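Sequence lines, in order, name chains A, B and C.
Position 161, counted from 1, in the first sequence is what numbering that gives the first Met the number 0 calls 160; the numbers after and before it change by one each time, with no gaps.
Position 281, counted from 1, in the second sequence is what numbering that gives the first Met the number 0 calls 280; the numbers after and before it change by one each time, with no gaps.
Position 381, counted from 1, in the third sequence is what numbering that gives the first Met the number 0 calls 380; the numbers after and before it change by one each time, with no gaps.
All residues carry an ideal CB built from backbone N, CA and C; glycine is no exception.
From a predicted model like this one, the values you see are computed outputs, not experimental measurements.
Structure, as structure tokens:
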Amino acid sequence: MLDYIFSLEFIFAVIRMGTPILFVGMAAVIGAKADILCIAYEGMMLFAALGGVIGSAYSQNLAVGAIVGLLAGLVIAAIFAYFVLYLDTKPLLTGLALNTLGTGGTVYVVYLLTGMKLDTSSLASLRFPTIHIPVIKDIPVIGSIISGHNLLSYVAFIMVIVVWYLVFKTRLGLRIRAVGEDPAAAASVGINVRRTKFIALLISGLIASMGGLFMSMGYMPYFTNNMTAGRGFIGIAAQNLGRGNPIITMIYTLIFGASMAIGNTAQSFRLPSQFASMMPYLITLIGLVVIGARNKKNERRLHESISRKSKV
Amino acid sequence: MNKTHKVITTKQIETRFSIIRTLLAVAIALVFAFFLMATVSDNILKDFTTLLIGPLASSSRMTTVISKMIPLLFTGVAVALVYSAGQINIAAEGAFFAGAVAATVVALIEGIPAPIHIILTLLAGAITGAIVMGIPAIMHVKYNVVTIVSALMMNYVALYGGLYVILNPLRDPSAGFEASFSFQRSAILPTLFGNNRLHIGLLIGFAVVILSSILLYNRPFGYEIRTVGQNQKFANYSGISVNKTIVLTSLLSGAIAGMGGTVETLGNYSRFVYSGFTNHGWDGIMLAVLCRNNPKAIPFAALFLAYIKTSADALNLTSSIPPEIISVIQAIIIIFIAAERFLANWEHKKIVANSQRALAIEKGE
Amino acid sequence: MGNEKVFDNVKIGDDILSMENITKIYGNGFVANKNVNFTVRKGEIHGLVGENGAGKTTLMKVLFGQEIPEEGRILLAGKEVNISSPLAALEYGIGMVHQHFMLVESLSVAENMVLGSEPVKGITFDYEEAVRRSTEVSKKFDLEVNPKAKIRDLSVGYKQRVEILKMLLHGAQILLLDEPTAVLTPQETKELFVQLKQLREKGFSIVFISHKLNEVKDICDRITVLRNGESVTTADVASVSEQDISRMMVGRDVLLNIEKEKANPGKTVLSVSNLSYKNKFGLYSFKDLSFDIRSGEILGVAGVEGNGQSELANVLAGLYEIEDGDIKVDGTSIKGMTVRQIREKGMAIIHEDRMTYGASATQSIAENIISDRFYKSEYKKKGFINWKDIVSKSKELIKDFSIKADGHDAEVRTLSGGNIQKVVAAREFTSSPKVLIACQPTRGIDVGAAELIRKKMIALRDKEDTATLLFSADLAELLNTSDEIIVMYGGKITAYFPDVSVINEEILGEYMLGLKTQSREEIGGVVHE
């Protein structure tokens, strides 16, 4: 097993498994900065995954597929945002409802189009290409680690920087942080709190939808029933563990990716497949406890150092 | 003289509007379903009629409605209780599944006389369910872990852990499909009214509804649950142990959901057959929301949900409409009922008008 | 901003803003403003006075676009305007400094100052430009701030300065200040008044909300009095006395002196020795406190907010953990006890945060009244809650405490602030308390409710021999209700006055500000055994 963990194969598997979670993790960072508990990422991802497949299958154009997919995910994000922000619906219930809609609704659409209920393998949908980076790919070891991934995996890592920049360096990011931390203060200087949160949720939904696209147009070659299988939630867990910091969140998504990768190969090490499937969830649980315990212990020390600094 | 414009309390107006909102949500969902079905249906009028009154078409279907209602009574009450304590613990799904698994384990043991065997399976289901929902609660009070995330993860752990037990040590290789060995006869729930689809789970379910309702509104612990759910700081300041209340409520809620899994499995099947989530826990959330966490209302909402689920099955048999239409209907209902400001402007106008009337009367007197 | 021209056309002393027939009804049916008329002149400081709950804040929120009135219109320089949001208000040159500062704690001064009209380079927020603008406005109005400091590190007075500058940076010509002095020390208040007078000289109009009449007399040119949501009158400050204003506010003469007998203290009931508490930042909120309260006396605690009083009350209530030292009730240490155990020892607490701790907004009056006693045998019948009995007891208390409500099952959130506090009192005063911790028991409630609560507190002292610890920011209340007073400054007791009749607000003020401290022996007098 150790051999596997130090193999190139494993690194590839981590990135492949980690990509959708990384997208959701970044989406969740923006949601968290705007102080909205959005759990509707599963629904957004499923619709985006299906939209991408349908768009690309009927147009035979990857860009059209991507746009249709992203729009499908955005519609769910917009419904979420509208209900939560304008109709005061509880975010948890809205998320729950939209995830239900995502699992059931996508199957409905699949059936409508193909007459089948399980997947869209009968549709000739497209996949995002694998990128071999010139020059870099020829560097020994590093080249084979960095090059050769799906296009969207690169987008996912670039997204970490984009999200960091958006949140901490742009005017929109400043406003998102302001409405998230103190909506009344933001409103008192004329910032439209709902609109700002709405925009944040749309951006968040857009990023999560990219994760959905990856599922059906990269990770797998077609859409299958409930294919996100809780990844939307794991991404939220990663954000939670990373306390809203994009970089730390990224590290956690990769840890989840790794545990999934180990899980997937567990059978070859004679571990039951159910154990393998359980891995990422169990690790998240343990991680939450460990971090919770550590935070509790560090709280005083942390606060002491803060207050010392602020006194100076 | 009759007063044509009676002044009523703000609370009465709010109650009226919550009823209007519920009815309107159902109506909107049905209208939406109609158009959605029209895209697939060859005969939309016939199919929509099936959706509306299909379950009433035969006594067998009506039995199905009642039978589908049974597990919902359990998960609905389970979620209503834990939500009453203000805990967004969505591990009822996992508790239900784990309860079914634990019941299976006990149901395979030979040589226990019938009534005791049934009690033991229920106990096993309850304890396992309690553990599944209790862990996120304990993680929350001890380590301040966000319950919704841990409860979600717990669902998957319960699912795959349960499947491991069923499909490895307990798998019946001769079954021809992925399933456990057959239950002992002594563990199977007795039927009611000589109907083989209605089992005593129905009675247990109603008992759970009644007992929970009494607990919540007439027992001191129920008052603690509701007070913690409404305002934790106030509860703490008043001398109620918030953490204890949260953990106990979650354990109780998990036990009820676990019992639901037990009853559903041992009442309807001869071996463990699930290969994934059953969705009963998620349905429980919807029911609790519909009933605003009041256990007394759960049977009505459960009946309604069982009814549309049966409609969906009927549609599946008689038309080309996939039963997933039901999740769309559910999603729409849940979202509109939960939308606090849906119709709020109208409600606000009513309240304002009412206050102005009260003012006018006050001045007139 | 384009509106500056509009303002320029108005001469100093002419009407610049008028609100006509404003009526505002809240979602819960509460009528906050009834046909209110209000006019502000250019270059004046206009006091808006009234009791708490009279509708001052609501009127200002309407003016700042945070609440939309059901009726009425607003004229700016003679032209009707529609102020639908704070953004619109700011564009019309109206800026508001809220009682609770509208500053994002984790952001810097500069970021907060420019929030809403941030400088950008492309899509990037231009931090340097934000700092430059902040410095510029700070220099222009001679109000010094450090643009790069984080808000969470600043003192209250400093934050207020940032708030005022922020509004000026946004182009405000009319400044609305909602009880700006409530959170300030007297020095800070003086400083603020100097700044406000400077702004008046520059032609700015200022609406000054307060219920401290001496301050209003001190700084305002004119006042408008609100009572019960209606505008009673507008007058030149010079032409009315404090008594006049007070009468207009309440609608009758106020009894400033509460009639009470001299206390007849018994033996020590609550004994606090060397008590310390560290906050979550690891700093001592108070250290080494020792004091006693005897049965049948009221010990008042004076102090500027933030000197450890709030933490002390929470520690006594068992809500915060003791760091060091001990608390004894009737000779038994309550260290490590649960809140319920402490309450069973005879402790009752009126929490300063009424809406979060004192009451549960979404539960009924009856449910709020029983929250500390529902589990006791008197309230149960065979293990079940005896609702019938509870309802009838609640009805009695509603009458006894003259709580205005739809009934015992009305949710607390539908009541006014004063009535909510009466519900809290109806619970805490009827548990036969040996010790009563009363924190700001009359803050923000109407005079009638405040009077009732003070009377009931004194009745407890006289009839049930309750030992009361009274925390209040209202010095008049403190001097009138307490039998003895201690002053807290910097987490320590700095003065003890065994006889309240020989002191006044000025004397208390000197100790509250830390200008004076009594000797150890004098302070030690508060430990009776």
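Enumerate in chain order the residues of its own chain whose CB-to-CB distance from residue i is below 8 Å, with the five nearest sequence positions on each side excluded.
i        : result
C:Ser17  : Asn36, Phe37, Thr38, Val39, Ile73 and Leu74
C:Pro432 : Gly345, Met346, Ala347, Leu459, Glu463 and Thr465
C:Glu322 : Ser275, Tyr276, Lys277 and Tyr283
B:Leu191 : Leu197, His198, Ile199, Leu201 and Leu202
C:Tyr319 : Tyr276, Glu310 and Asn313
Please list, in chain order, all residues of the same chain as residue i whose beta carbon is under 7 Å from its beta carbon, the five residues on each side excluded.
i        : result
C:Tyr488 : Gly302, Asn306, Tyr510, Met511 and Gly513
C:Leu474 : Ala301, Glu504 and Leu507
A:Met219 : Met226
B:Leu166 : Glu177
B:Ser310 : Thr49, Leu50, Gly53 and Pro54
B:Thr3   : Confidence in B:Thr3 is poor, its pLDDT being 43 and thus under 50, which makes the residue's placement too unreliable to answer from.
Just to confirm, is the Cβ distance from residue i to residue j under 9 Å?
i        : j        : result
A:Thr227 : A:Glu41  : yes
B:His257 : B:Ile126 : Note that residue 257 of chain B is Gly in the sequence shown, not His. In contact: B:Gly257 and B:Ile126 (Cβ atoms closer than 9 Å).
C:Leu469 : C:Leu315 : no
C:Gly444 : C:Ile457 : Here residue 444 of chain C is Ile; the residue named in the question, Gly, does not match the sequence. No.
B:Phe335 : B:Ala79  : no
C:Gly64  : C:Asn32  : no
B:Ser181 : B:Arg170 : no
C:Gln439 : C:Ser471 : yes
B:Tyr159 : A:Met277 : yes
B:Val100 : B:His116 : no
C:Val526 : C:Phe290 : yes
B:His279 : B:Thr74  : yes
A:Val188 : A:Lys32  : no
A:Leu284 : B:Ser149 : yes
C:Glu69  : C:Thr22  : yes
C:Ala448 : C:Val411 : no
Please work out which residues of its chain come closer than 6 Å, Cβ to Cβ, to residue i, disregarding the five sequence neighbours upstream and downstream, and give them in chain order.
i        : result
A:Ile235 : Ala27
C:Lys149 : Ser107
A:Phe127 : Asn149, Leu150, Leu151, Met216 and Gly217
Taking residue i as the reference, give the member of the options with the closest Cα.
i        : options                                  : result
A:Leu281 : B:Val156, B:Pro70 and B:Ala150           : B:Val156
A:Gly231 : A:Ser203, A:Met278 and A:Lys168          : A:Ser203
A:Leu95  : B:Lys308, B:Arg218 and B:Ile284          : B:Ile284
C:Ile436 : C:Lys381, C:Glu320 and C:Leu311          : C:Leu311
B:Tyr306 : B:Pro114, B:Leu50, B:Gln229 and B:Pro321 : B:Leu50
A:Gly72  : A:Ala207, A:Trp163 and A:Ile285          : A:Ala207
C:Leu167 : C:Arg151, C:Phe203 and C:Thr184          : C:Phe203
A:Val344 : A:Met43, A:Leu125 and A:Ser146           : Not covered by the structure: residue 344 of chain A. The range shown for chain A is 0 to 311.
A:Phe82  : B:Val351, B:Ile331 and B:Glu346          : B:Ile331
C:Phe58  : C:Lys158, C:Glu110 and C:Gly228          : Going by the sequence as given, residue 58 of chain C is Leu instead of Phe. The residue with the shortest Cα to Cα distance from C:Leu58 is C:Gly228.
A:Trp163 : A:Thr248, A:Leu205 and A:Gly50           : A:Thr248
A:Pro271 : B:Pro168, B:Ile325 and B:Gly260          : B:Pro168
Residues of the segment 186 to 210 of chain A with Cβ closer than 9 Å to any Cβ of chain C, in chain order: Ala186, Ser187, Val188, Gly189, Ile190 and Asn191
Segments assigned beta strand (DSSP E), at least 3 residues, entirely inside the segment 8 to 66 of chain C: 14 to 24, 30 to 40 and 44 to 48
Can you list, in chain order, the stretches of the alpha helix (DSSP H) that have 4 or more residues and sit fully within the segment 296 to 352 of chain B? 297 to 317 and 324 to 337
With 8 Å as the limit, tell me which residues of the segment 312 to 327 of chain B have their beta carbon closer than that to any beta carbon of chain A; keep them in chain order. Pro321, Glu323, Ile324, Ile325, Ser326 and Val327
Members of the segment 97 to 118 of chain B near chain A, C-beta cut-off 8 Å: none
Within the segment 319 to 371 of chain C, note down every full beta strand (DSSP E) run reaching 3 residues or more, in order along the chain. 323 to 328 and 346 to 349
What residue ranges within the segment 105 to 150 of chain A form continuous alpha helix (DSSP H) runs of no fewer than 4 residues, ordered along the chain? 141 to 145
Scan the segment 106 to 121 of chain A for residues whose Cβ lies nearer than 7 Å to a Cβ of chain B and list them as they occur along the chain. Val106, Tyr107, Tyr110, Leu111 and Lys116
Using a Cβ-Cβ cutoff of 7 Å, what residues of the segment 69 to 95 of chain A are near chain C? List them in chain order. none
May I ask you to list, following chain order, the residues of the segment 215 to 244 of chain B that have a beta carbon less than 7 Å from some beta carbon of chain C? Asn217, Arg218, Pro219, Tyr222, Thr226, Gln229, Asn230, Lys232, Phe233, Asn235, Tyr236, Ser237, Gly238 and Ser240
Could you name the residues of the segment 174 to 205 of chain C whose beta carbon sits closer than 8 Å to any beta carbon of chain A, in the order they occur along the chain? none
Which of the residues in the segment 104 to 117 of chain C, read from start to end, lie with their CB under 8 Å from any CB of chain A? Glu104, Ser105, Leu106, Glu110, Asn111, Leu114, Gly115, Ser116 and Glu117
Can you give me, in chain order, the residues of the segment 276 to 290 of chain A that have a beta carbon less than 7 Å from any beta carbon in chain B? Ser276, Met277, Tyr280, Leu281, Thr283, Leu284, Leu287 and Val288
Of all the residues that make up the segment 77 to 88 of chain C, which are near chain A by a beta-carbon distance shorter than 9 Å? Ser84, Pro85, Leu86, Ala87 and Ala88
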